[in-house]
């Protein structure tokens, strides 16, 4: 897993690296202190008597600078979030694939154990739970059941499926 993470970091584009750096820096206390110092200096310079005021009250130029900064910062943060979303989606897909493989292996093991038990004469009554577990899990069926449960929980009727009937 660590190698996959390292590979993802190595494949980042320059824009992703810059956006991540800017987003990380903007989320730091250093960023806050720098802005507090710059704003205090700007305001002080433009209100104290005896100094040439380049941006007198109501500080129109400061408003413009802060607005432009906000536009660029929000863009960098969105780029960084999009990158993180792609990484998270990739991890989710990998987790799903691993879980599906594990499910297939578990199903096969249950089937083998059942055959071994029958061959050794351990033929107790059929356990319906074992029969259900021995069936291959189909992700699309599970996804549909989850969607139907969520819709039912929110008070909406379940969607009709391929056969035209609601899922049960």
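Residue numbers (the numbering used here): 4 to 171. Note that the Cβ used here is the ideal one computed from N, Cα and C, for glycine as well. These numbers come from a predicted model, not from an experiment.
Residue i and residue j closer than 9 Å at C-beta
i: residue 45; j: residue 67; result: no
i: residue 19; j: residue 80; result: no
i: residue 29; j: residue 76; result: yes
i: residue 117; j: residue 133; result: yes
i: residue 86; j: residue 22; result: yes
i: residue 121; j: residue 11; result: no
i: residue 96; j: residue 26; result: no
Contacts around residue i, its chain only, beta-carbon distance under 8 Å, and the 5 residues preceding and following it disregarded
i: residue 142; result: 99, 103
i: residue 60; result: 49, 50
i: residue 58; result: 45, 49, 64, 65
Exposed unless 16 or more other CB atoms sit within 10 angstroms - verdict on residue i
i: residue 8; result: exposed
i: residue 167; result: Residue placement at residue 167 cannot be trusted, given a pLDDT of 48 that sits under 50; what the coordinates show is reported in the next sentence. Residue 167 should be labelled exposed.
Three-state class that DSSP yields for residue i in the structure shown
i: residue 57; result: coil
i: residue 30; result: coil
i: residue 70; result: helix
i: residue 231; result: As displayed, the chain neither begins before 4 nor continues past 171, which places residue 231 out of reach and without an answer.
i: residue 77; result: helix
i: residue 162; result: coil
i: residue 14; result: coil
i: residue 51; result: coil
i: residue 141; result: coil
i: residue 130; result: coil
i: residue 24; result: helix
i: residue 44; result: helix
Same chain only: Cβ atoms within 7 Å of residue i, ignoring 5 sequence neighbours per side
i: residue 34; result: 28
i: residue 54; result: 48
Contacts around residue i, its chain only, beta-carbon distance under 6 Å, and the 5 residues preceding and following it disregarded
i: residue 56; result: 49
i: residue 74; result: none
Reference residue i, options the options, closest by Cα
i: residue 62; options: 37, 43, 148; result: 43
i: residue 41; options: 69, 24, 123; result: 69
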